[in-house]
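Residue numbers (full-length UniProt numbering): 1 to 214.
Reading through the C-alpha cells given below for one structure.
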C-alpha cells in the first residue's frame, strides 16, 4: 500500500491512475504518441565504464559476443538480424560486457507494431522506436534517458528527420524518460484490450496513419 501511495504522489501518478481506472471501467487501452525531431546533441556523458553502441548492419552485429546478442534478442521484439535486415537498427548501452539498456528502431515509410498489433505509415525520413528496455540492475540511473538522447543524435546523421514512439498511458517511468529528453506529445491511440484500434486522435495532423493488424 505504501508503494502505491508513493506512486500516486510521484510525477504523473494521478494521471496514470486515471487512465488505469478508465481501462478497468471501459476495457480500453490508451497509448500516448510522442515524437522528436532528430538533431545532433552535446557529447554523451556516461558513467565510468559505460559505452554507447549503434548497430546498423549484420557485420556490426557479428562483432558482439554471442552472449550479448542472445540477451539483446530477448528484449528486441524480433531477431536482431531480422531487424537490421529490414533497415532497422539496434542501439545499446553497455557496462563492460553487460547490457545496461537497449532500444530498437524501425525505418519509414511503413512498419508493424507488435503491441498493440498495428501497421504504421509515416514519412520516409521518419523512424519508429519500437522497443525500449533497461535491465533491472541499471534502473533508476538515467540509462533510458541517456540511450534515447544518444540514439536521436546518431539517427540525425542517417537521414532521419523525426523519431516516433508510443507509450502506454499508465507507464509513468517510460513517459517520464521521454518527457525529460524533450519529446513532444499531442496524439494518442485508443484500442480494445485485445489490441483492435478504435481511434487515433491527433495522428493525422502529425502525419501518421495507424491501421489495425487484427
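Even glycine gets a Cβ: it sits at the ideal position worked out from N, Cα and C.
Quick caveat, the model's predicted, so the values are computed rather than measured.
Which of helix, strand or coil does DSSP assign to residue i?
{"i": "residue 85", "result": "helix"}
{"i": "residue 102", "result": "strand"}
{"i": "residue 133", "result": "strand"}
{"i": "residue 78", "result": "coil"}
{"i": "residue 123", "result": "coil"}
{"i": "residue 187", "result": "strand"}
{"i": "residue 152", "result": "helix"}
Could you tell me the distance, in whole angstroms, from the CA atom of residue i to the CA atom of residue j?
{"i": "residue 57", "j": "residue 66", "result": "16 Å"}
{"i": "residue 211", "j": "residue 114", "result": "12 Å"}
{"i": "residue 132", "j": "residue 144", "result": "8 Å"}
{"i": "residue 3", "j": "residue 173", "result": "Per-residue confidence for residue 3 stands at a pLDDT of 46, beneath the threshold of 50, marking its modelled position as unreliable; the derived number appears in the next sentence. Computed Cα separation, rounded: 14 Å."}
{"i": "residue 126", "j": "residue 159", "result": "9 Å"}
{"i": "residue 124", "j": "residue 202", "result": "20 Å"}
{"i": "residue 52", "j": "residue 40", "result": "15 Å"}
{"i": "residue 194", "j": "residue 59", "result": "38 Å"}
{"i": "residue 130", "j": "residue 163", "result": "10 Å"}
{"i": "residue 97", "j": "residue 121", "result": "37 Å"}
{"i": "residue 11", "j": "residue 177", "result": "With a pLDDT of 49 at residue 11, under the threshold of 50, the modelled position of this residue cannot be trusted, and the question is left open."}
{"i": "residue 209", "j": "residue 48", "result": "42 Å"}
{"i": "residue 90", "j": "residue 84", "result": "7 Å"}
{"i": "residue 104", "j": "residue 76", "result": "6 Å"}
{"i": "residue 188", "j": "residue 156", "result": "25 Å"}
{"i": "residue 139", "j": "residue 175", "result": "15 Å"}
{"i": "residue 161", "j": "residue 200", "result": "22 Å"}
{"i": "residue 44", "j": "residue 142", "result": "12 Å"}
{"i": "residue 110", "j": "residue 128", "result": "9 Å"}
{"i": "residue 168", "j": "residue 64", "result": "32 Å"}
{"i": "residue 196", "j": "residue 46", "result": "40 Å"}
{"i": "residue 183", "j": "residue 32", "result": "11 Å"}
Quick check on residue i - is its C-beta less than 9 Å from some C-beta in chain C?
{"i": "residue 33", "result": "The structure shown contains no chain C; it holds only a single protein chain."}
Just list the residues that DSSP pairs residue i with in beta bridges.
{"i": "residue 180", "result": "Partner(s): none; residue 180 has no beta bridge."}
Going by beta carbon distance, what residues of the same chain come within less than 7 Å of residue i, once the five residues before and after it are set aside?
{"i": "residue 153", "result": "40, 41"}
So residue i and residue j are in contact, right, with Cβ under 8 Å, and what is the actual spacing, rounded?
{"i": "residue 71", "j": "residue 87", "result": "Their Cβ separation, rounded to whole angstroms, is 23 Å, which puts residue 71 and residue 87 out of contact at 8 Å."}
{"i": "residue 147", "j": "residue 93", "result": "5 Å"}
{"i": "residue 117", "j": "residue 214", "result": "5 Å"}
{"i": "residue 34", "j": "residue 134", "result": "Incorrect: roughly 17 Å between the Cβ atoms, too far for contact."}
Excluding the five sequence neighbours on either side, which residues of its own chain have a C-beta within less than 8 Å of the C-beta of residue i, listed in chain order?
{"i": "residue 192", "result": "27, 28, 29, 198"}
Leaving aside the five residues before and after residue i along the sequence, list all residues of the same chain whose C-beta is less than 6 Å from its C-beta, in chain order.
{"i": "residue 206", "result": "187"}
{"i": "residue 37", "result": "162"}
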